[in-house]
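In order, the protein sequences belong to chains A and B. Going by this note's numbering, the residue at position 139 of the first sequence is 139; the numbering climbs one at a time, nothing skipped. Add 1000 to a position in the second sequence, counting from 1, and you land on the number used in this note's numbering. Note that the Cβ used here is the ideal one computed from N, Cα and C, for glycine as well.
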Amino acid sequence: MVGTATIGRTLRPGRKVARRRLEPFAAASYVTVTLFGLFCLVPLWMIVAGSLTDESVLGLNGYSLFPQPFSLRAYQLLFTGQSLLNGYVASLFITVVGTLLSISCTASIAWVIARRLPFISRPLTIFAYIPMLFNGGLVPFYLLVTQVLHLTNSWFAMILPLMLAPFLIFVTVSFFRQMPEEILDAARIDGAGELRIFFQIVLPLSKPILAVLALFYAVTYWNEWFTGLLFISDTDKFPLQLILQNLISNVTNAASLPSSAGDSMAPVYQLRFAMTVLTVGPILLAYPFAQRFFVKGITLGATKG
Amino acid sequence: MAIAKQGAARTGKRRKALSSRENLLLLLLALPGIIWFLIFSYGPMAGLVVAFKSFNIRDGIFGSPWNGISNFRYFFMSGDAVTVVFNTVFLNSLFLGASLFAGLVLALMLNEIRGGPYRRFMQSVIFFPYFVSPIVISIMLQVILSGVGGRGGLLNNLLNVFDLPQVAWYTEPGAWPWILTIVKVWQLGGYTSVIFLAAITSISEEVYEAAALDGASRWRMALSITVPLLLPTFAVLVVLGVGRMFFGDFATIYAIVQDNGVLFPTTDVIDTYVFRSLRMIGDFGTTAAIGLFQSVVGFIFVAAAVLVQRRVQKESSIL
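Encoded structure:
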């Protein structure tokens, strides 16, 4: 013990010297990571630049890193038209209502599993685990939503199917199980019922995991597009992702985006990019604040499996 | 006081045994989730009987007449079965290998970057693509590969600079497994590196100090200490990936390829095939049969993966 301590002391000055000298591998790391970072950012920047470049130049020169000549026409058209607003209303509704439903249901079922109740928790674990192993596939799901639940052209067709993610339930369970038993016991002694304990003690103490859940679900809902493709055909109800899908499957649809009828020459490509920017925008804005919760969620999930 | 103490003693002794009323209340709490699972997970499982029926809307799922295994025969007799199954497994293997490798390398390199703010910034940057939706990825890819109106594109402009002939990428099926793999690395590289970094931080600092004493370079330490200690994490991720091998990434592939038939030979996976036959042909029976085939084989993969994963994790906890 004494030996290691002295070694540690003599080592320290040496390590400082070693740190000052940049080793080849460290240098290579800086370069590679920076290049990969650019690789991640450049495609996004191309879209932003494209959305600000005049359509006539877009067609002639292709893309450039800097918007020239600078043009806000696409944004003007989008903000004066109706479909951007419709798209935002739809996406916001799906995201907000969906996330609220998801968090409440995930947290409650996870708590019941985490409580280790005899004859309840164990079967419930298996019940929630089986869908991770086996699923019915697309056709029965499609028939369920269209023929049984009659949710065609309803935003709930994009909310309900995604409401619970078994993986997130189990992440939440593992968080709940770390809760100190003493606090719960104290509440029980004071005569609090199980529901009261959950709502007034467990939930307020679980803000970190609730934030993780909210963010994972919110991004899923915001980016969701598959269920929209299947169940939403009324263009007035399209969320943003579906409007975008419509734009790439048919370029001429872009011309119909702005409702200003007198416009014969709509800048279709510029519009497409502007729409893309406005779709990614909210995630990009929330990202700096939310990122650490994602990291926490992944780490929890990775360690607890 | 005495009563309170007595109560405490009793709850302490029989904490788990709640009154049936309390149990009922807790079950009530779980009820929305239970109902959801019954409808959206277990309902479709029951609905799989469609695979054995000649389905028509009028008679519904359970009223339609049975037709044995002819739905399955139709799928396996068509040449498509071999192609889509091969594509699914081949593409998923490429995606898994490439994104794990990229994630591992990025994690090792991020670990070398000591400056706190810069490292945190780069981590945020490379993690971001994970949150970009498939449709947006598809639009970015068009910018790079085909440009405006199918002419040019960033990559072709680059080829021009080097006097190389331009390529019409969207009519070139051979290139697409690799293009999609690059997309996957873009999308998942940072995400995977976060998982590896979490594992790296749990490695004890003393190991590195001992290596530094012996005069090991950072590269040597990464290769001989970090990588071997990351193997269990790597193995778990491989196993989980293999478990998902039979389920294609529908969203990304369909968003990019859309209904571009030229690219189907190399990009059509089971999920996109099922989706198209449902939407275009509307043949519910055959489509459900393919879905059932996928679910069953997928289940075998996943179950095997879970069993192997349990073993790997047990061994790694000994390490």
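Supposed contact pair residue j and residue i - C-beta distance, whole angstroms, cut 8 Å
i, j, result
"A:Leu151", "A:Ala157", "4 Å"
"A:Met275", "A:Ile243", "6 Å"
"B:Leu1106", "B:Gly1243", "No, B:Leu1106 and B:Gly1243 are not in contact; Cβ-Cβ is about 23 Å, not under 8 Å."
"A:Gly336", "A:Tyr217", "Missing from the structure shown is residue 336 of chain A; chain A here goes from 1 to 305 and no further."
"A:Ile201", "A:Ala110", "That belief does not hold up - the Cβ atoms of A:Ile201 and A:Ala110 are roughly 15 Å apart, past 8 Å."
"B:Leu1100", "B:Val1238", "7 Å"
"A:Gln245", "A:Ser51", "Rounded, the Cβ-Cβ distance is 18 Å, inconsistent with contact."
"B:Ile1270", "B:Val1084", "5 Å"
"B:Ile1144", "B:Leu1155", "6 Å"
"B:Ile1200", "B:Leu1230", "7 Å"
"B:Ser1070", "B:Lys1053", "The Cβ separation is near 10 Å, so there is no contact."
"A:Ala74", "A:Arg177", "That belief does not hold up - the Cβ atoms of A:Ala74 and A:Arg177 are roughly 51 Å apart, past 8 Å."
"A:Arg91", "A:Leu240", "According to the sequence shown, residue 91 of chain A is Ser rather than Arg. Yes, they are in contact, since the Cβ atoms of A:Ser91 and A:Leu240 sit about 5 Å apart, within 8 Å."
Segment limits, alpha helix (DSSP H) that includes residue i
i, result
"B:Glu1206", "Glu1205 to Leu1213"
"A:Lys237", "That residue, A:Lys237, is in no alpha helix (DSSP H); it is neither H nor E in DSSP."
"B:Ile1281", "No alpha helix (DSSP H) holds B:Ile1281; DSSP gives it neither H nor E."
"B:Asn1023", "Ser1020 to Trp1036"
"B:Arg1119", "Gly1116 to Phe1127"
"A:Ser102", "Ser83 to Ala114"
"A:Pro67", "Where A:Pro67 is concerned, there is no enclosing alpha helix (DSSP H), given that its DSSP letter is neither H nor E."
"A:Tyr142", "Leu138 to Leu143"
"A:Ser29", "Pro24 to Ser51"
"B:Phe1246", "Note, B:Phe1246: premise wrong, no alpha helix (DSSP H); not H, not E."
"A:Phe226", "Phe226 to Phe231"
"B:Thr1266", "Phe1264 to Thr1267"
"A:Lys207", "Lys207 to Asn223"
"B:Trp1219", "Arg1218 to Met1221"
"A:Ala157", "Phe156 to Ile159"
"B:Tyr1273", "Ile1270 to Arg1276"
"A:Val54", "Here the sequence assigns Asp to residue 54 of chain A, which means Val is not the residue at that position. No alpha helix (DSSP H) contains A:Asp54, which DSSP labels as neither H nor E."
"B:Lys1336", "The question about residue 1336 of chain B has no answer here: the residues shown for chain B are numbered 1001 through 1319."
"A:Arg196", "Glu194 to Ile197"
"A:Gln76", "Arg73 to Thr80"
"B:Gln1142", "Pro1134 to Leu1145"
"B:Ile1182", "Trp1176 to Thr1201"
"A:Ile169", "Pro166 to Phe176"
"B:Asn1157", "Leu1154 to Val1161"
"A:Phe127", "Ser121 to Leu133"
"B:Leu1091", "Asp1080 to Glu1112"
"B:Ala1168", "Careful: B:Ala1168 lies outside any alpha helix (DSSP H) and carries neither H nor E."
Member of the options whose CA lies at the smallest distance from the CA of residue i
i, options, result
"B:Phe1121", "A:Tyr269, A:Arg188, A:Met46 and A:Tyr30", "A:Tyr30"
"A:Phe294", "B:Asn1111, B:Tyr1130, B:Trp1066 and B:Ala1030", "B:Tyr1130"
"A:Gln68", "A:Thr80, A:Glu55, A:Cys105 and A:Glu181", "A:Glu55"
"B:Gln1026", "A:Ile298, A:Ile120 and A:Leu143", "Correcting the residue type first, residue 1026 of chain B is Leu in the shown sequence and not Gln. Checking every option, the nearest Cα to that of B:Leu1026 belongs to A:Ile120."
"A:Pro205", "A:Pro180, A:Val219, A:Phe231 and A:Gln82", "Note on residue identity: the sequence assigns Leu, not Pro, to residue 205 of chain A. Nearest option by C-alpha distance: A:Pro180."
"A:Pro24", "B:Ala1198, B:Trp1066 and B:Ala1216", "B:Ala1216"
"A:Ile221", "B:Phe1062, B:Gly1060, B:Val1132 and B:Pro1065", "For the sequence presented, residue 221 of chain A should be read as Tyr rather than Ile. For A:Tyr221, the nearest C-alpha among the options comes from B:Val1132."
"B:Pro1134", "B:Trp1186, B:Gly1103 and B:Ala1199", "B:Trp1186"
"B:Leu1094", "B:Leu1180, B:Arg1220 and B:Ala1211", "B:Leu1180"
"B:Thr1088", "B:Arg1310, B:Phe1264 and B:Ala1289", "B:Phe1264"
"B:Phe1196", "B:Ala1251, B:Ala1102, B:Ile1113 and B:Val1207", "B:Ala1102"
"B:Ala1098", "B:Gly1153, B:Val1183, B:Met1140 and B:Ile1126", "B:Val1183"
"B:Ala1030", "A:Pro161, A:Gln291, A:Gly191 and A:Phe127", "A:Phe127"
"A:Leu230", "B:Phe1275, B:Phe1301, B:Ala1304 and B:Thr1233", "B:Phe1275"
"A:Thr172", "A:Thr125, A:Pro282, A:Val148 and A:Leu162", "A:Thr125"
"A:Phe93", "A:Leu203, A:Glu224 and A:Ala211", "A:Glu224"
The region 267-282 of chain A touching the region 127-140 of chain A, judged by at least three CB pairs closer than 8 Å: The region 267-282 of chain A, when compared against the region 127-140 of chain A, does not touch it at the 8 Å Cβ threshold.
Contact between the region 1039-1049 of chain B and the region 1279-1286 of chain B (3+ Cβ pairs under 8 Å): The answer is no - the region 1279-1286 of chain B does not touch the region 1039-1049 of chain B, with fewer than three Cβ pairs under 8 Å.
Cβ-based contacts, 8 Å cut-off: residues of the region 1214-1225 of chain B near chain A: Of all residues in the region 1214-1225 of chain B, only Ser1217, Arg1218, Trp1219 and Ala1222 come within less than 8 Å of chain A when Cβ atoms are compared, listed by chain position.
At least three beta-carbon pairs within less than 8 Å, the region 1246-1258 of chain B to the region 1288-1301 of chain B: The region 1246-1258 of chain B vs the region 1288-1301 of chain B: in contact.
Within 7 Å of chain A by C-beta, residues of the region 1266-1295 of chain B in sequence order: Cβ contacts with chain A come from Val1274, Phe1275, Leu1278, Phe1284, Thr1287, Ala1288, Gly1291, Leu1292, Gln1294 and Ser1295.
Contacting positions in the region 1132-1151 of chain B - beta carbon closer than 9 Å to chain A: Of all residues in the region 1132-1151 of chain B, Val1132, Ser1133, Pro1134, Ile1135, Val1136, Ile1137, Ser1138, Ile1139, Met1140, Leu1141, Gln1142, Val1143, Ile1144, Gly1147, Val1148, Gly1149 and Arg1151 have a Cβ within less than 9 Å of some Cβ in chain A.
Three-pair Cβ contact test at 8 Å for the region 1069-1080 of chain B versus the region 1157-1171 of chain B: When C-beta atoms of the region 1069-1080 of chain B are compared with those of the region 1157-1171 of chain B, fewer than three pairs fall below 8 Å, so the two segments do not count as touching.
Short-range partners of chain B found in the region 125-140 of chain A, where Cβ spacing is below 8 Å: Against chain B - using a Cβ distance shorter than 8 Å - the residues of the region 125-140 of chain A are Phe127, Ala128, Ile130, Pro131, Met132, Leu133, Phe134, Asn135, Gly136, Gly137, Leu138, Val139 and Pro140.
Residues within the region 37-53 of chain A neighbouring chain B, beta-carbon criterion of under 8 Å: Taken in chain order, the members of the region 37-53 of chain A whose beta-carbon sits within less than 8 Å of a beta-carbon on chain B are Gly37, Phe39, Cys40, Leu41, Pro43, Leu44, Met46, Ile47 and Gly50.
Stretch pair the region 139-149 of chain A + the region 1049-1060 of chain B: three plus CB contacts closer than 8 Å: By the Cβ criterion, the region 139-149 of chain A is in contact with the region 1049-1060 of chain B, since at least three pairs of Cβ atoms, one from each stretch, lie closer than 8 Å.
Stretch pair the region 1171-1187 of chain B + the region 1223-1232 of chain B: three plus CB contacts closer than 8 Å: The region 1171-1187 of chain B and the region 1223-1232 of chain B do not touch, with fewer than 3 CB-CB distances between them shorter than 8 Å.
Members of the region 1182-1208 of chain B that neighbour chain A once the beta carbon cut-off is set at 8 Å: Hits within the stretch, in order: Trp1186, Gly1189, Gly1190, Tyr1191, Val1194, Ile1195, Ala1198 and Ala1199.
Chain A contacts made by the region 1044-1069 of chain B, where a contact means CB separation under 9 Å: Cβ contacts with chain A: Pro1044, Met1045, Ala1046, Gly1047, Leu1048, Val1049, Val1050, Ala1051, Phe1055, Ile1057, Gly1060 and Ile1061.
Interfacial residues, the region 151-165 of chain A to chain B, with Cβ spacing under 8 Å: Near chain B, meaning a CB-to-CB distance below 8 Å, the residues of the region 151-165 of chain A are Leu160, Pro161, Met163 and Leu164.
Short-range partners of chain B found in the region 183-197 of chain A, where Cβ spacing is below 8 Å: Going along the region 183-197 of chain A in chain order, one finds Asp185, Arg188, Ile189, Gly193, Glu194 and Leu195 with a Cβ nearer than 8 Å to chain B.
Interfacial residues, the region 195-229 of chain A to chain B, with Cβ spacing under 9 Å: Look at the region 195-229 of chain A: the residues with a C-beta under 9 Å from a C-beta of chain B are Leu195, Phe198, Val219, Trp222, Asn223, Glu224, Trp225, Phe226 and Leu229.
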